[in-house]
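Trainee:
2 protein chains.
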Amino acid sequence: MSAVAAEQPGEPSSRDRILDAAEGLFARRGYAGVGLRELADLVGLGKSSLFHHFESKPQLYAAVCARILARISEGVDRSLAAGGSPMERLERVVDDLLDLLAAQPNDARILLRSLFEDDELAGETREELEGREFTARIMSSISALLREGMEAGQFRSVHVPGLLLSLIGQTVFPFASGEFGQEILGKDPFDPSEVKRRKREVRDLLRHGLLAPAGR
Amino acid sequence: MSAVAAEQPGEPSSRDRILDAAEGLFARRGYAGVGLRELADLVGLGKSSLFHHFESKPQLYAAVCARILARISEGVDRSLAAGGSPMERLERVVDDLLDLLAAQPNDARILLRSLFEDDELAGETREELEGREFTARIMSSISALLREGMEAGQFRSVHVPGLLLSLIGQTVFPFASGEFGQEILGKDPFDPSEVKRRKREVRDLLRHGLLAPAGR
DNA sequence: AACGAAGGCGACCGATCGGTCGGTCGCCAT
DNA sequence: ATGGCGACCGACCGATCGGTCGCCTTCGTT
Chain P
326 MSAVAAEQPG
336 EPSSRDRILD
346 AAEGLFARRG
356 YAGVGLRELA
366 DLVGLGKSSL
376 FHHFESKPQL
386 YAAVCARILA
396 RISEGVDRSL
406 AAGGSPMERL
416 ERVVDDLLDL
426 LAAQPNDARI
436 LLRSLFEDDE
446 LAGETREELE
456 GREFTARIMS
466 SISALLREGM
476 EAGQFRSVHV
486 PGLLLSLIGQ
496 TVFPFASGEF
506 GQEILGKDPF
516 DPSEVKRRKR
526 EVRDLLRHGL
536 LAPAGR
Chain B
326 MSAVAAEQPG
336 EPSSRDRILD
346 AAEGLFARRG
356 YAGVGLRELA
366 DLVGLGKSSL
376 FHHFESKPQL
386 YAAVCARILA
396 RISEGVDRSL
406 AAGGSPMERL
416 ERVVDDLLDL
426 LAAQPNDARI
436 LLRSLFEDDE
446 LAGETREELE
456 GREFTARIMS
466 SISALLREGM
476 EAGQFRSVHV
486 PGLLLSLIGQ
496 TVFPFASGEF
506 GQEILGKDPF
516 DPSEVKRRKR
526 EVRDLLRHGL
536 LAPAGR
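In order, the protein sequence lines correspond to chains P and B. The letter at position 184 of the first sequence is residue 509 when you use this note's numbering, and the numbering goes up by one with no holes. The letter at position 15 of the second sequence is residue 340 when you use this note's numbering, and the numbering goes up by one with no holes.
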């Protein structure tokens, strides 16, 4: 019997421990590449116990994705709430998002993976719809911010959806690129100095590409 | 295995038909999500016949990736060969790359997927090393181009590896984003008009973010 | 005519897949 | 004390996984 000792009030529940472990595995090997036996072993449970917390593998995966999207959606809301000019708010959103992705090494990969895989994964579970909703919230928040800046004459007139995709590519992709990114950069993309540098890079992109040519 | 050179266009060989089908399946469902039975059925062969053309599943996957990288590497070489100023060459490389990705709907996804998955997939097959080589060639070609432009004083001084990652995010990611990209854009990312628009967007990014402020 | 290689086939292998089932254990309220 | 309950477990299920095997056909070479 593995000692169940140290059930301190602050200890994470089995459900959360499953989610944490599943997040790491899905990030590394993708949905189909993860076996539930392996996951159960990693958590320290019997495989059948997983089904006491989640109905099925697709629903577990959806729960993992939903948790990540909820984190990000909450972060974006918080970053936007602080106010300021459109550019100030935009830069703060990007800064905070980069911090969040850097702090959660699995998020970027699962985010991108889920984009590739949601073509399949038939089941329309509750969690999946929840995830869609979070995604839509995030996207529309940033879209609205961009349009606000344009209407106020502070932003150049740009194609909002296109910029949105570019922004994702610039913020999320580097954290998902793994060994490849490390090899190119010569350092870990999650290294604090590199995160800081990427913030600068994205910020410069936004300033150059988005700010209305008023000063020059 | 003598070095089989290029085949003239005619009826595609079984090997190529397997590669084509595998490319589509891997793009949609990832390495672990594709079963060899399914692939064989799609090609119209028995499953065991696959092993007459490829030693194993990992090697088949490596061959699919290597073929894509070879296509792209060749395209980049061709784009660079035409000459011109650094900015002209850079814009042509990006233009042609976007055309190539748009013409081969599976490439972008497999490219990104392979970045996520190569942590695993232990076997160091010939094809895998071949793929690494192509990747290195592509990256160093573009890096050299960027450095050349900087040394000539035509490009602003930028962090080359960082820009490289950003560029990948802006060019490859939109074509890999699937339904998500379609939903955001309101149209298929592969639609010719959208491809054209993305070319403009990337070109503008490069001009604003890279061109030295000399033309004044 | 003889032959070997190349390509293809179905049957089959052990392992593993997601998922189910019946049951045990400890806890807590009655 | 007892009975309901949530967490957990091992055993088991049919299906499918990647891969092997032996055999058959086709075809170019000699």
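Note that CB positions come from ideal geometry on N, CA and C, so glycine has one too.
Could you name the residues of the same chain whose beta carbon sits closer than 6 Å to that of A331 (chain B), not counting the 5 residues immediately before and after it, in chain order?
Mentor: For this step, residue 331 (chain B) is matched to residue 6 along the second sequence. Interpretation of A331 (chain B) is limited by its pLDDT of 46, a score under 50 that renders its predicted location unreliable; the figure taken from the coordinates is listed afterwards. Excluding residues within five positions, none has a Cβ falling inside 6 Å.
Trainee: Could you check whether the segment 464–479 of chain B touches the segment 482–490 of chain P, counting it as contact only if at least three pairs of C-beta atoms, one from each stretch, sit closer than 8 Å?
Mentor: Touching, no, given that fewer than three Cβ pairs across the two stretches are closer than 8 Å.
Trainee: Which of the three DSSP states is assigned to E399 (chain B) in this structure?
Mentor: One-based indexing of the second sequence puts residue 399 (chain B) at position 74. Residue state, collapsed to three classes: helix.
Trainee: Anything in the segment 467–485 of chain B with a Cβ closer than 7 Å to a Cβ of chain P? List those residues in chain order, please.
Mentor: Hits within the stretch, in order: H484.
Trainee: Reducing DSSP to helix, strand and coil, say where L536 (chain B) ends up.
Mentor: Within the second sequence, residue 536 (chain B) is the residue found at index 211, counting from 1. In this structure, L536 (chain B) counts as strand in the three-state DSSP scheme.
Trainee: For H377 (chain P), which residues from the same chain have a beta carbon less than 6 Å from its beta carbon, with the 5 sequence-adjacent residues on both sides left out?
Mentor: By one-based count along the first sequence, residue 377 (chain P) stands at place 52. Cβ neighbours of H377 (chain P) beyond the five flanking positions: none.
Trainee: Of all the CB atoms in chain B, is at least one closer than 8 Å to the CB of F441 (chain P)?
Mentor: As a first step, residue 441 (chain P) is located in the first sequence; it is residue number 116 there, counting from the start. It does; some Cβ of chain B falls within 8 Å.
Trainee: Less than 8 Å between CB atoms is the rule here; does G511 (chain P) satisfy it with respect to chain B?
Mentor: The residue you call residue 511 (chain P) lines up with position 186 of the first sequence. It does; some Cβ of chain B falls within 8 Å.
Trainee: Using Cβ-Cβ distances below 8 Å, what residues of the segment 367–386 of chain P are close to chain B?
Mentor: Residues: none.
Trainee: Determine which residues share a DSSP beta bridge with F480 (chain P) and list them.
Mentor: Along the first sequence, one-based indexing puts residue 480 (chain P) at 155. Looking at the DSSP assignment, F480 (chain P) forms a beta bridge with P:L536.
Trainee: If the criterion is Cβ atoms closer than 8 Å, does the pair G450 (chain B) and Q507 (chain B) meet it?
Mentor: Taking the second sequence and counting its residues from 1, one reaches residue 450 (chain B) at position 125. Taking the second sequence and counting its residues from 1, one reaches residue 507 (chain B) at position 182. Per the sequence shown, residue 450 (chain B) should be read as Thr rather than Gly. No, Cβ-Cβ distance for T450 (chain B) and Q507 (chain B) is not below 8 Å.
Trainee: For a test of the three-state rule: what should DSSP assign to G503 (chain B), helix, strand or coil?
Mentor: Indexing the second sequence from 1 puts residue 503 (chain B) at position 178. Here G503 (chain B) sits in helix by DSSP.
Trainee: 8 Å is my cut-off, CB to CB: does M412 (chain P) come that close to chain B?
Mentor: Residue 412 (chain P) sits at position 87 when you count from the first residue of the first sequence. Not one chain B Cβ lies under 8 Å of M412 (chain P).
Trainee: Would you grab the beta carbon distance between V401 (chain B) and I463 (chain B) for me? Rounded to a whole angstrom, and I think it's under 8 Å.
Mentor: Residue mapping note: residue 401 (chain B) aligns to position 76 of the second sequence, counting from 1. Residue mapping note: residue 463 (chain B) aligns to position 138 of the second sequence, counting from 1. Confirmed, Cβ separation roughly 5 Å.
Trainee: Indicate whether the contact test is met: 3 or more Cβ pairs, each with one atom in the segment 416–431 of chain B and one in the segment 408–425 of chain P, closer than 8 Å.
Mentor: Result no; under three Cβ-Cβ pairs closer than 8 Å.
Trainee: Please check the pair A391 (chain B) and E452 (chain B), which I expect to be a contact at CB under 8 Å, by giving their CB distance rounded to whole angstroms.
Mentor: Within the second sequence, residue 391 (chain B) is the residue found at index 66, counting from 1. Within the second sequence, residue 452 (chain B) is the residue found at index 127, counting from 1. A391 (chain B) to E452 (chain B), Cβ: 5 Å. Contact.
Trainee: Less than 8 Å between the beta carbons of G358 (chain P) and A357 (chain B), yes or no?
Mentor: Position 33 of the first sequence, counting from 1, holds the residue named residue 358 (chain P). Position 32 of the second sequence, counting from 1, holds the residue named residue 357 (chain B). Contact flag set, yes.
Trainee: Taking DSSP as the reference, what is the three-state secondary structure of L384 (chain P)?
Mentor: Here residue 384 (chain P) refers to the residue found at position 59 of the first sequence. Just to set this straight, residue 384 (chain P) is Gln in the shown sequence, not Leu. In the structure shown, Q384 (chain P) sits in a helix (DSSP, three-state: H, G or I).
Trainee: Output needed for R414 (chain P): all residues of its chain with C-beta closer than 8 Å, excluding positions within five of it in sequence on either side, in chain order.
Mentor: Indexing the first sequence from 1 puts residue 414 (chain P) at position 89. Correct list, in chain order: S404, L405, A407, G408, L470.
Trainee: Using beta-carbon positions only, say whether S468 (chain P) and L489 (chain P) come within less than 8 Å of one another.
Mentor: Taking the first residue of the first sequence as position 1, residue 468 (chain P) is located at position 143. Taking the first residue of the first sequence as position 1, residue 489 (chain P) is located at position 164. Contact flag set, yes.
Trainee: When the cut-off is 8 Å and only beta carbons count, does G349 (chain P) lie next to chain B?
Mentor: Counting from 1 along the first sequence, the entry for residue 349 (chain P) is found at position 24. By this cut-off, G349 (chain P) is not an interface position.
Trainee: Closest Cβ-Cβ distance between E363 (chain P) and chain B: below 8 Å?
Mentor: For this step, residue 363 (chain P) is matched to residue 38 along the first sequence. False, the Cβ-Cβ gap to chain B never drops below 8 Å.
Trainee: Within 10 angstroms of its Cβ, does G369 (chain P) collect 16 or more other Cβ (buried), or is it exposed?
Mentor: Position 44 of the first sequence holds residue 369 (chain P). Result: exposed.
Trainee: Does the distance from the CB of L535 (chain P) to the CB of E416 (chain P) come in under 8 Å?
Mentor: In the first sequence, the residue the question calls residue 535 (chain P) occupies position 210. In the first sequence, the residue the question calls residue 416 (chain P) occupies position 91. No.
Trainee: Here's a check: name, in chain order, each residue in its chain whose Cβ is nearer than 8 Å to the Cβ of K512 (chain P), leaving out the five neighbours to either side.
Mentor: Position 187 of the first sequence, counted from the start, is the residue given in the question as residue 512 (chain P). Excluding sequence neighbours, K512 (chain P) sits near S518, E519.
Trainee: Quick one: what's got a C-beta closer than 6 Å to R528 (chain P)'s C-beta in the same chain, skipping five residues either side?
Mentor: Along the first sequence, one-based indexing puts residue 528 (chain P) at 203. Contacts found: E416.
Trainee: From this set, B:F505, B:P486, B:K524, which residue's C-alpha is nearest R523 (chain P)'s C-alpha?
Mentor: Within the first sequence, residue 523 (chain P) is the residue found at index 198, counting from 1. Of the candidates B:F505, B:P486, B:K524, the one whose C-alpha sits nearest the C-alpha of R523 (chain P) is B:P486.
Trainee: Helix or strand or just coil, what does DSSP make of V359 (chain B)?
Mentor: Stepping through the second sequence from its first residue, residue 359 (chain B) is reached at position 34. If DSSP states are grouped into helix, strand and coil, V359 (chain B) belongs with coil.
Trainee: Need the endpoints of the alpha helix (DSSP H) that E442 (chain P) sits in, please.
Mentor: Taking the first sequence and counting its residues from 1, one reaches residue 442 (chain P) at position 117. Residues 432–442.
Trainee: With 8 Å set as the bound, which would you pick, yes or no: does the beta-carbon of G506 (chain B) sit closer than that to a beta-carbon of chain P?
Mentor: Start at 1 with the first residue of the second sequence, and residue 506 (chain B) comes out as number 181. It does; some Cβ of chain P falls within 8 Å.
Trainee: With burial defined as no fewer than 16 other Cβ atoms inside 10 Å of the residue's Cβ, what is the status of G456 (chain P): buried or exposed?
Mentor: Along the first sequence, one-based indexing puts residue 456 (chain P) at 131. By the 10 Å Cβ count, G456 (chain P) comes out buried.
Trainee: Considering just the uninterrupted stretch of the alpha helix (DSSP H) at E416 (chain P), what are its terminal residues?
Mentor: Here residue 416 (chain P) refers to the residue found at position 91 when the first sequence is read from its first residue. That run of the alpha helix (DSSP H) goes 411–428.
Trainee: Only counting the same chain, and skipping five residues up and downstream in sequence, which positions put a Cβ closer than 8 Å to that of R541 (chain B)?
Mentor: On the second sequence, residue 541 (chain B) is found 216 positions in, with the first residue counted as 1. Low confidence applies here, because R541 (chain B) scores a pLDDT of 40, under 50, leaving its location unreliable and the question unanswered by this model.
Trainee: May I have the straight-line CA-CA distance separating S339 (chain P) from S502 (chain B), to the nearest angstrom?
Mentor: Position 14 of the first sequence, counted from the first residue, corresponds to residue 339 (chain P). Position 177 of the second sequence, counted from the first residue, corresponds to residue 502 (chain B). One C-alpha to the other measures close to 33 Å.
Trainee: Return the residue from the list B:R342, B:G349, B:V419, B:R396 that minimises the CA-CA distance to E526 (chain B).
Mentor: Here residue 526 (chain B) refers to the residue found at position 201 of the second sequence. The residue with the shortest Cα to Cα distance from E526 (chain B) is B:V419.
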